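J.:
In my numbering, the protein residues as written are 100 to 370.
Now the structure itself:
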């Protein structure tokens, strides 16, 4: 129960308010005395808590009984009320913040730190895509943006997805993507995963994801950086398409794990 109490605190519920609402869900309608007993909220506080929950639209009362009975509103209604309150507050916040808004220098490289912050930004830019999307993403991270990526596939014709996986797990319900392969070497070279997204050839996000506690990316609309990231993903797709077409022949020449392809420092005669 501690988890749900802490979650409800994020929506401006006190611990006592959360306990009372949960108790009503668990035990059904009851009097103030019964609710106090079931929720472990002191009787001296419980009536005030019930009044607050009524004002928040979380509790209803029946005056046909003596003493009065209180009941929790259904869960779906409870969640809907919270969403409405949050949306209304956010609309007010947006309206106020617009008064202070200054144009951002989008040619600068802006750093975003924190795993969830990074994928919140990824969701935002994917949702804004209107023409094309290029993305390199790891299977270990793709669930964070799966809904947005699926929507992009349904909306746009030009989507290139390169999928990496530390465990060779490429099972993702997407229409089209390239399985990268030889990730063990890539992880050893880079020291962790990464994310690379280019949207509408207009903005890019790229950076390192060591784990879900340590991650940092850059985001920019700088044309040279957008071009560089886009070409990186395009050439990744070119190579993977060639390797897939050549199949066993390429393994004979370069080895089962294609190590020969990755060793670009060996002497190479272009003739």
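The beta-carbon is built from N, C-alpha and C at its ideal position, and this holds for glycine as well. These numbers come from a predicted model, not from an experiment.
Are the stretch 178-195 and the stretch 139-151 touching by the rule of at least three beta carbon pairs closer than 8 Å?
T.: no
J.: Could you give the first and the last residue of the continuous alpha helix (DSSP H) run that contains residue 121?
T.: Residues 114-126.
J.: Taking the CB atoms as reference points, tell me whether residue 271 and residue 251 lie closer together than 7 Å.
T.: no
J.: Please name the residue in 301, 293, 315 and 309 whose C-alpha comes closest to that of residue 329.
T.: 301
J.: Please report the distance separating the alpha-carbon of residue 154 from that of residue 304.
T.: Their backbone Cα atoms lie some 44 Å apart in a straight line.
J.: Compare the C-alpha of residue 220 against each of 274, 298, 195 and 118 and name the closest.
T.: Per the Cα distances, 298.
J.: Okay, do the stretch 209-228 and the stretch 305-319 touch, 3+ Cβ pairs below 8 Å being the bar?
T.: Judged by Cβ distances under 8 Å, the stretch 209-228 makes contact with the stretch 305-319, as three or more pairs qualify.
J.: Identify the continuous alpha helix (DSSP H) that holds residue 273 and give its terminal residues.
T.: No alpha helix (DSSP H) holds residue 273; DSSP gives it neither H nor E.
J.: What do you reckon, are the CB atoms on residue 265 and residue 282 nearer than 7 Å?
T.: yes
J.: Thinking C-beta only, is residue 306 closer than 7 Å to residue 384?
T.: The structure shown does not extend to residue 384, since the chain is modelled only from 100 through 370, so no value can be given for it.
J.: Ignoring anything shorter than 3 residues or poking outside the stretch 167-240, list the beta strand (DSSP E) runs there in chain order.
T.: 168-171, 209-212 and 231-237
J.: Spatial neighbours of residue 174 within its chain, please: CB distance less than 8 Å, with the 5 preceding and 5 following residues excluded, ordered by chain position.
T.: 124
J.: Given that a residue counts as buried once 16 or more other Cβ atoms are within 10 Å of its Cβ, and exposed if not, what is residue 225?
T.: buried
J.: Exposed or buried, what is residue 334 when buried is set at 16 or more other beta-carbons lying within 10 Å of its beta-carbon?
T.: The residue is exposed, with fewer than 16 neighbouring Cβ atoms inside 10 Å.
J.: Once you ignore the five residues that flank residue 140 on each side, which residues in its own chain have a CB closer than 7 Å to its CB?
T.: 115, 118, 119 and 148
J.: Taking a contact to mean a Cβ-Cβ separation below 7 Å, would you say residue 268 touches residue 238 in this structure?
T.: yes
J.: Terminal residues of the continuous alpha helix (DSSP H) containing residue 374?
T.: This structure leaves residue 374 out entirely; the chain is present only between 100 and 370.
J.: Look at residue 208 and residue 319 and say whether their C-beta atoms are less than 7 Å apart.
T.: yes
J.: Can you list, in chain order, the residues of its chain whose CB lies under 6 Å from that of residue 142, leaving out five sequence neighbours each side?
T.: 135
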